[in-house]
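When we follow full-length UniProt numbering, the leftmost residue of the sequence shown carries the number 1, and every step to the right adds one. Worksheet for the structure shown next.
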Amino acid sequence: QQKSSCLSAALFGEDCEISRDQLYEFLKFAALGKCHNAAQPSWCRIYRQSHLAGVVVIVLAETSQLHFYKFYLQFKHLRKLFQHRFTLTPSDNFLASLYGEGANPKPQNTARGLTSTSSECISKRSDLQRDPIFQKYGGKKRGLTSYILTSKELKNNDYPIKGSTRWRGYVCTGCDQQRTDSSPLFGLDCEMCLTAKGNEVTYVSLVDAQGKCLLNELVKPQSEIVNYRTSFSGITEEMLLPVKTRLSDIQTRLKKMLPRDAVLVGHSLNNDLQALEMIHPSVIDTSLLFARQGGRRFKLKFLAKAVLGKEIQCEDVVGHDPAEDARTALELAQFFIEQGPAKVAELNLEMLLRAENLAEVSEKKNTLQPQGCRVQQELNEPPHLSRPCFLECLQVTGRNPLLLGRQELDSSGPCQSNLSTSNKQILQKALEDVPLSTFSIVQFSLGPENISSCLLAELCEKVGGKLTDMLTIYAGPFEESFCLKSVKKEFGRCGPIQSFTVVTETYQPYVCIQYKVLEAAQLAVESLNGAEIGGSCIKVQRPVTAAMLDCDVLIKELELDAENEGVIYVAGLKQSITEEDLQEEFSQLKDLETLFLPKDLQSGKHRNCCFLKFQKSQSAVDALEVINGWTMKGSKLRSRNALASGHLWRWIWQMNHSNGKQRGNIFYKKMQQRCDCEQDLKKKVEKLDNHIQKLYRSLQNNTLCVVLFPGVNSMYGSQSGLGLMGIKGDRGRSAC
């Protein structure tokens with residue numbers, strides 16, 4: 001059964017604001033794995049990246065987090081499909097930033113500006129068939145036995161062979177059982193010093209299939225050492241002085257450690273076996289596995305960097321580490337077996353090696369030049385790329401990216417919009433081509449009216465006003481002599497308070513409370529409406545405005561949001577409580593996965609609430625029953641289902657501390673200018689949401705899908721973007 005990939009994003013509860021560079025590195029790793037120096041980003045991990053069927057990036061041009069929450073109810077499919085979300089720093093040339101600085105991918109265009117892949121596929125197959133790896137092994141995946149050297153290959157490559165007079169006196173490992181595709185792999189590497197006898201082993205390392213080091217030992221050679229070859233072996237005279245282990249001891253231990261069907265893996269392993277004076281019948285030699293033309297071989301250091309994305313044999317370290325080399329050779333063989341020869345051939349290692357050699361020559365040339373010449377040359381030359389474009393790396397490996405949308409890239413960035421191409425036409429093309437591509441970027445648009453300053457200003461004001469109203473409650477009536485402190489304390493048990501004021505315009509006094517989180521306001525409405533507080537039976541309600549008429553619907557949909565699945569909100573904590581206290585107190589709750597104690601974004605102090613995430617939704621439901629009424633350190637706890645994520649909290653805070661200052665001027669004026677296009681925009685959002693759902697359904701399982709609201713920079717300020725992502729078929733969701 002095929003293993004599936006899964007995604008673990010950021011820290012649960014914390015807002016994760018991602019820059020375009022961080023997003024770029026994430027997509028690079030998703031597309032290339034450990035090749036081309038791609039690495040797991042710190043804010044998000046993809047487990048079993050090699051099992052990804054493809055990567056699809058859907059860009060909603062000229063949109064921001066503002067659009068997602070303004071049309072939250074219209075994005076009914078989008079918010080249910082993707083659990084992992086993050087705030088995205090807005091970028092002026094966003095689409096170009098995905099390609100890398102200075103990148104210039106050249107997709108084939110049809111008459112309507114849509115990408116065509118048929119000619120690329122023919123070219124790709126032709127290139128693959130000429131690759132030495134493809135010619136040697138074909139294109140189909142095979143088991144490990146297909147890559148074990150044959151008797152003829154062992155002989156031709158100078159391996160010790162049983163029965164040959166040349167290798168008389170060599171010790172057999174005794175591994176004579178027939179090999180199968182499930183036989184265990186072991187990585188082996190030795191370091192040698194030059195003695196009067198020749199090359200003799202002085203260091204031996206053996207690792208198992210999981211990379212665990214089973215043997216890592218220095219060896220005292222029989223003959224006198226004439227050259228320690230320290231720069232390569234790392235061995236010094238001082239290191240060998242206390243050593244008593246001899247070659248015969250290592251031979252005995254290897255015979256005992258290796259199972260009878262063991263397969264040894266190494267890089268030019270014939271040299272190691274000769275130094276060990278041992279014969280082993282089943283070998284995978286990575287210097288021969290990654291075939292080249294003319295009998296040449298790739299160095300282990302190059303393969304480690306190009307295939308696995310790891311640096312070994314670094315210049316600042318004296319000598320090679322045999323355990324590291326053995327582990328690297330093993331990982332290379334595992335990669336080859338798991339991916340298959342066609343995927344390895346697509347890496348186009350020969351071209352990568354030429355590019356690396358050219359870079360080294362250029363660097364050496366610059367080093368040898370006088371400093372003044374180099375400065376003058378840099379002034380005359382165009383600026384070099386600060387990083388390679390991973391889409392160009394994909395093209396080098398034969399996996400041409402698919403680019404669909406109203407915009408395409410030229411050398412200076414996106415071209416002018418081709419308005420003859422509609423979202424519907426883009427979707428039709430995407431449904432045909434995206435499932436067949438390993439990396440796709442699909443750009444949809446809400447139309448030019450979406451970016452009008454008037455509408456953007458109005459949307460900003462409306463969404464900010466609605467969120468403020470949802471955070472606000474009115475409570476009363478109270479007696480004239482009611483105790484303000486005790487009332488504030490009671491409402492404070494529902495969560496952190498932003499502001500607390502007394503309303504005196506009414507016959508009897510009321511209070512107006514604005515909370516810092518949505519859950520606190522909702523908890524106050526649910527638990528304190530009709531309660532007796534301050535000697536009065538009070539009513540608790542939100543402001544009654546046109547925008548709040550669908551508040552109950554919105555609250556219900558927020559509870560059902562995929563991001564809030566299995567998450568509950570707990571309030572009433574004392575300020576002195578620590579995360580360790582909470583971990584201890586809640587440890588008895590079944591299936592508790594993560595606990596998050598948020599901090600105030602302004603003061604940095606802990607709030608009087610926390611969030612708990614459970615592995616199963618039912619466990620969260622059970623926990624609600626247990627926690628409600630629970631007393632912790634003399635404080636009675638209240639809880640409910642979660643409503644908002646970290647990025648929404650930060651956005652609410654920014655709306656209250658930034659846009660709110662301007663409400664009296666330009667935003668208020670723009671709010672009065674009602675845009676006729678808003679209703680039309682709602683319909684477009686609903687259609688776009690359906691387009692995304694259809695495209696998502698067409699994807700293969702194990703496809704990483706990322707939806708991006710890039711963010712907007714305008715004369716009215718900057719609006720942060722929003723990213724939503726998930727792997728199709730990944731139900732084992734991790735915390736975000």
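All C-beta atoms, glycine included, are put in the ideal place defined by N, C-alpha and C.
| Tell me which same chain residues have a C-beta within less than 7 Å of the C-beta of residue 82, skipping the five on either side of it? | Within the sequence shown, numbered from 1, the residue matching residue 82 stands at position 82. Within the same chain, residue 82 has close Cβ partners 562, 707, 724, 725, 726.
| message | According to DSSP, simplified to helix, strand and coil, what is residue 333? | response | Residue numbering aside, residue 333 sits at position 333 when the sequence shown is read from its first letter. Helix at residue 333.
| query | residue 56 and residue 705: beta carbons closer than 8 Å? | reply | To locate residue 56, count along the sequence shown from 1; it is residue 56. To locate residue 705, count along the sequence shown from 1; it is residue 705. Yes, the Cβ-Cβ distance between residue 56 and residue 705 is below 8 Å.
| task | Report the rounded CA-to-CA distance for residue 484 versus residue 467, giving the unit in angstroms. | result | Translated into the one-based positions of the sequence shown, residue 484 becomes position 484. Translated into the one-based positions of the sequence shown, residue 467 becomes position 467. Straight-line Cα distance between these residues: approximately 26 Å.
| Between which two residues does the beta strand (DSSP E) harbouring residue 441 extend? | Taking the first residue of the sequence shown as 1, we reach residue 441 at position 441. Per DSSP, residue 441 belongs to the beta strand (DSSP E) from 439-445.
| Alpha carbon to alpha carbon, how far is residue 379 from residue 65? | Locating residue 379 in the sequence shown gives position 379, where the first residue counts as 1. Locating residue 65 in the sequence shown gives position 65, where the first residue counts as 1. Note that residue 379 scores 39 on pLDDT, short of 50, meaning its location in the model is unreliable and no value can be drawn from it.
| query | If we ignore side chains and look at the alpha-carbon of each, how far apart do residue 687 and residue 559 end up? | reply | Here the question's residue 687 lines up with position 687 in the sequence shown. Here the question's residue 559 lines up with position 559 in the sequence shown. Spanning the two alpha carbons is a distance of roughly 24 Å.
| said: I'd like the list of long-range same chain contacts for residue 130, defined as Cβ closer than 8 Å, with 5 residues on each side in sequence excluded. | reply: The residue you call residue 130 lines up with position 130 of the sequence shown. Excluding five sequence positions before and after residue 130, none of the CB atoms of its chain fall closer than 8 Å to its own CB.
| query | Are three or more beta carbon pairs between the stretch 196-214 and the stretch 228-242 nearer than 8 Å? | reply | yes
| request: Taking only runs that begin and end inside the stretch 536-592, name each unbroken alpha helix (DSSP H) of 4 or more residues, in chain order. | output: For the stretch 536-592, the continuous alpha helix (DSSP H) assignments of 4+ residues that do not extend past its boundaries occur at 551-560, 579-586, in sequence order.
| request: Select from 590, 577, 683, 682 the residue whose C-alpha is nearest the C-alpha of residue 637. | output: One-based indexing of the sequence shown puts residue 637 at position 637. Here the closest residue by C-alpha is 577.
| Same chain, Cβ closer than 7 Å to residue 192, neighbours up to 5 away in sequence not counted | By 1-based counting over the sequence shown, the position of residue 192 is 192. Once the five neighbours on either side are set aside, the close Cβ partners of residue 192 are 199, 200, 201, 202, 233, 275.
| field | residue 404 and residue 442 closer than 8 Å at C-beta | value | Along the sequence shown, read from residue 1 onward, the residue named residue 404 stands at position 404. Along the sequence shown, read from residue 1 onward, the residue named residue 442 stands at position 442. Yes; because the gap between Cβ atoms is below 8 Å, this pair is in contact.
| query | Which two residues bound the contiguous beta strand (DSSP E) that contains residue 791? | reply | In the structure as shown, the chain starts at 1 and stops at 736, and residue 791 therefore has no counterpart that could be examined.
| task | Could you tell me which residues DSSP puts in a beta bridge with residue 55? | result | Along the sequence shown, read from residue 1 onward, the residue named residue 55 stands at position 55. The partner list for residue 55 (beta bridge, DSSP) reads 439, 704.
| CB of residue 280 within 8 Å of CB of residue 300, strictly | Locating residue 280 in the sequence shown gives position 280, where the first residue counts as 1. Locating residue 300 in the sequence shown gives position 300, where the first residue counts as 1. No, they are not a contact pair.
| said: Using C-beta distances below 7 Å, list every residue in its chain close to residue 179, excluding the 5 sequence neighbours before and after it, in chain order. | reply: What you label residue 179 is simply residue 179 of the sequence shown in a count that begins at 1. Hits under 7 Å: 145, 148, 261, 263, 282.
| Does the distance from the CB of residue 554 to the CB of residue 586 come in under 8 Å? | Counted from its first residue, the sequence shown places residue 554 at position 554. Counted from its first residue, the sequence shown places residue 586 at position 586. No; because the gap between Cβ atoms is not below 8 Å, this pair is not in contact.
| request: Check whether the Cβ atoms of residue 540 and residue 520 sit closer than 8 Å, and answer yes or no. | output: The count along the sequence shown starts at 1 and reaches residue 540 at position 540. The count along the sequence shown starts at 1 and reaches residue 520 at position 520. Not a contact, by the Cβ cut-off of 8 Å.
| message | For residue 619, report the span of its alpha helix (DSSP H) as first-last. | response | If you number the sequence shown from 1, residue 619 lands on position 619. Where residue 619 is concerned, the enclosing alpha helix (DSSP H) stretches over 617-627.
| task | Please report how far the alpha carbon of residue 88 lies from the alpha carbon of residue 61, in whole angstroms. | result | Looking up residue 88 in the sequence shown gives position 88. Looking up residue 61 in the sequence shown gives position 61. C-alpha separation (whole angstroms): 14 Å.
| field | 7 Å Cβ shell around residue 118 - same chain, five flanking residues per side excluded | value | Taking the first residue of the sequence shown as 1, we reach residue 118 at position 118. Note that residue 118 has pLDDT 39, beneath the 50 cutoff, so the model's placement of it is unreliable and the number below is only indicative. The answer is none, since no qualifying residue turns up.
| task | For the beta strand (DSSP E) containing residue 200, list its first residue and its last residue. | result | If you number the sequence shown from 1, residue 200 lands on position 200. From DSSP, the beta strand (DSSP E) with residue 200 extends over 199-207.
| message | Counting beta carbon pairs with one atom in the stretch 283-299 and one in the stretch 204-221, are three or more of them shorter than 8 Å? | response | These segments do not touch.
| task | Look up residue 514 in the DSSP assignment and say whether it is helix, strand or coil. | result | Here residue 514 refers to the residue found at position 514 when the sequence shown is read from its first residue. Here residue 514 sits in strand by DSSP.
| If we ignore side chains and look at the alpha-carbon of each, how far apart do residue 598 and residue 184 end up? | Stepping through the sequence shown from its first residue, residue 598 is reached at position 598. Stepping through the sequence shown from its first residue, residue 184 is reached at position 184. The straight-line gap from Cα to Cα measures roughly 48 Å.
| Opposite residue 18 in the DSSP bridges: which residues? | Numbered from its first residue, the sequence shown carries residue 18 at position 18. DSSP lists 88 as partners of residue 18.
| Any idea what DSSP makes of residue 492, helix, strand or coil? | For this step, residue 492 is matched to residue 492 along the sequence shown. DSSP places residue 492 in helix when its eight states are reduced to three.
| field | For residue 606, the residue or residues it bridges with in DSSP | value | Position 606 of the sequence shown holds residue 606. According to DSSP, which records beta bridges pairwise, residue 606 is partnered with 599.
| said: Can you tell me where the alpha helix (DSSP H) holding residue 286 begins and where it ends? | reply: In the sequence shown, residue 286 corresponds to position 286, counting from 1. Start and end: 286-289.
| task | Enumerate in chain order the residues of its own chain whose CB-to-CB distance from residue 644 is below 6 Å, with the five nearest sequence positions on each side excluded. | result | Within the sequence shown, the letter at position 644 stands for residue 644. 518.
| query | What is the rounded straight-line gap between the Cα of residue 157 and the Cα of residue 150? | reply | In the sequence shown, residue 157 corresponds to position 157, counting from 1. In the sequence shown, residue 150 corresponds to position 150, counting from 1. So the alpha carbons of these two residues sit roughly 11 Å apart.
| Contact set for residue 267: own chain, Cβ-Cβ below 6 Å, skip 5 residues either direction | Walking along the sequence shown from the start, residue 267 turns up at place 267. Once the five neighbours on either side are set aside, the close Cβ partners of residue 267 are 286, 287, 300, 329.
| request: Could you spell out where the alpha helix (DSSP H) holding residue 503 opens and where it closes? | output: Here the question's residue 503 lines up with position 503 in the sequence shown. Run containing residue 503: none in the alpha helix (DSSP H); it sits in the beta strand (DSSP E), 497-503.
| Ordered list of beta strand (DSSP E) runs contained in the stretch 137-171, each at least 3 residues | Listed in chain order, the beta strand (DSSP E) elements of length 3 or more contained wholly in the stretch 137-171 amount to none.
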